[in-house]
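Numbering (the UniProt record's numbering), first residue to last: 1 to 378.
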């Protein structure tokens, strides 16, 4: 046909038909080089060191992701304590994998505290106490604590040689019965110490206990930070300026009175973080800057991930795809994902209405620090 004889190979948009065909072929065969940096971090984080180094040699983007993953923290694992039986489940939140350990050593025992990969346990009937590492199966006995304590904690791994245990009970407005011990001791040292406490209510007596700067720290029901110094055997408050929290304020009590509330404490490299939770409301996080508590948000959390719990709360930096979030010790089995709150997106994951009714920090779940090659112990 005469009208087609002089037609050029150009479409109406100005692209040649050959270029369009090549572009379609390119889109049909995506390259690994097209992966986003965020996705690369997740993939490379699952490699061991040798494979990480090999992957880093592919290109500049892969090298950037490989180096970044080598420097990031490792998250704690979530451990489930069954009401009966010897099978304990552990969940790796970064790789979203579940493991099961048979631990008859923990039968008929309750957990008291968790730190540095160790559990402090107490026999249900005899009340005898012991340290236990669920990965190495090492068990270290501790003298029985006769104090009916409000809280108990230990400073570091019992194998370190410097481990100190603390148990305390606020017996009156000005007196705190305090017991201390160490793994090689034959008994606890107990005495009544002067301490003017300022609790707000019975529902929020205190937070979990953390050890930092050679002291044991805790929060009272109003969020005030106080501590016990083992060397001087003295209780005192850290004098800081508090930020008001609506969840525990009398002004908003009618709005939140029926919701489950928690006040939790975490520390990273000497910096304290205070977390308020209230049912399905967003968690409120305060960071201690010198003597002032400041609320942090998506722009000031700086890549941190906070793992909250009744026995221990942990803080990690720059975890792939888990940054700027608060994680809770509760797993949604249908999606195999921990319940979390993203400060960037201001929402819970997974998004459900169950947060209003459920306790996001149940007593049967805890965070525990795994060893470097934890999978080898499974």
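Note that the Cβ used here is the ideal one computed from N, Cα and C, for glycine as well.
Here the structure is a predicted model, which is why all the values come from computation and not from measurement.
Might you give, ordered along the chain, the residues of its own chain that have their beta carbon closer than 7 Å to the beta carbon of residue i, omitting 5 neighbours on each side?
{"i": "residue 342", "result": "324, 325 and 349"}
{"i": "residue 158", "result": "118, 131, 140 and 183"}
{"i": "residue 213", "result": "270"}
{"i": "residue 185", "result": "143"}
{"i": "residue 369", "result": "76, 116 and 117"}
With a CB to CB cut of under 8 Å and the five nearest residues on each side skipped, what residues in its chain are close to residue i?
{"i": "residue 339", "result": "327, 328, 330, 331, 332, 348, 349, 350, 355 and 360"}
{"i": "residue 162", "result": "155 and 156"}
{"i": "residue 148", "result": "169"}
{"i": "residue 367", "result": "76, 77, 78, 79, 114, 307, 309, 311, 312, 313, 314 and 329"}
{"i": "residue 63", "result": "56 and 57"}
{"i": "residue 371", "result": "117, 135, 136 and 377"}
{"i": "residue 121", "result": "106, 109, 110, 111, 112, 129, 130, 131 and 132"}
{"i": "residue 231", "result": "214"}
Assuming contact is defined by CB atoms lying nearer than 8 Å, are residue i and residue j in contact in what I supplied?
{"i": "residue 165", "j": "residue 142", "result": "yes"}
{"i": "residue 133", "j": "residue 107", "result": "no"}
{"i": "residue 113", "j": "residue 152", "result": "yes"}
{"i": "residue 90", "j": "residue 103", "result": "no"}
{"i": "residue 179", "j": "residue 190", "result": "yes"}
{"i": "residue 247", "j": "residue 256", "result": "yes"}
{"i": "residue 235", "j": "residue 273", "result": "no"}
Return the chain-ordered list of same chain residues with a C-beta closer than 6 Å to the C-beta of residue i, the five sequence neighbours on each side being excluded.
{"i": "residue 364", "result": "81"}
{"i": "residue 386", "result": "A question about residue 386 goes unanswered here, because the residues of the chain that appear run from 1 up to 378."}
{"i": "residue 301", "result": "324 and 343"}
{"i": "residue 215", "result": "227 and 229"}
What first and last residue would you give for the alpha helix (DSSP H) that runs through residue i?
{"i": "residue 253", "result": "253-256"}
Determine the closest residue to residue i out of the options, with distance taken between C-alpha atoms.
{"i": "residue 344", "options": "370, 305 and 314", "result": "305"}
{"i": "residue 218", "options": "264, 190 and 233", "result": "264"}
{"i": "residue 207", "options": "185, 276 and 181", "result": "276"}
{"i": "residue 221", "options": "228, 232, 205 and 227", "result": "205"}
{"i": "residue 233", "options": "177, 369, 98 and 96", "result": "177"}
{"i": "residue 280", "options": "98, 289, 346 and 302", "result": "346"}
{"i": "residue 412", "options": "374, 373 and 336", "result": "The first residue shown for the chain is 1 and the last is 378, placing residue 412 beyond what the model contains."}
{"i": "residue 209", "options": "299, 267, 65 and 88", "result": "267"}
Hey, quick one: how far does the beta strand (DSSP E) through residue i stretch, first residue to last?
{"i": "residue 168", "result": "165-170"}
{"i": "residue 89", "result": "87-92"}
{"i": "residue 271", "result": "271-278"}
{"i": "residue 320", "result": "Careful: residue 320 lies outside any beta strand (DSSP E) and carries neither H nor E."}
{"i": "residue 210", "result": "210-212"}
{"i": "residue 114", "result": "109-115"}
Is the shortest distance between the beta-carbon of residue i and the beta-carbons of chain D less than 8 Å?
{"i": "residue 246", "result": "Looking at the structure shown, chain D is missing, and only one protein chain is on hand."}
The ligand NAP and residue i: does any heavy atom of the ligand fall closer than 7 Å to the residue's C-beta?
{"i": "residue 86", "result": "Judged by which ligands are present, the structure shown has none, so any question about the ligand NAP falls away."}
Any contact between the stretch 290-305 and the stretch 230-241? By contact I mean 3 or more CB pairs, one from each, below 8 Å. yes
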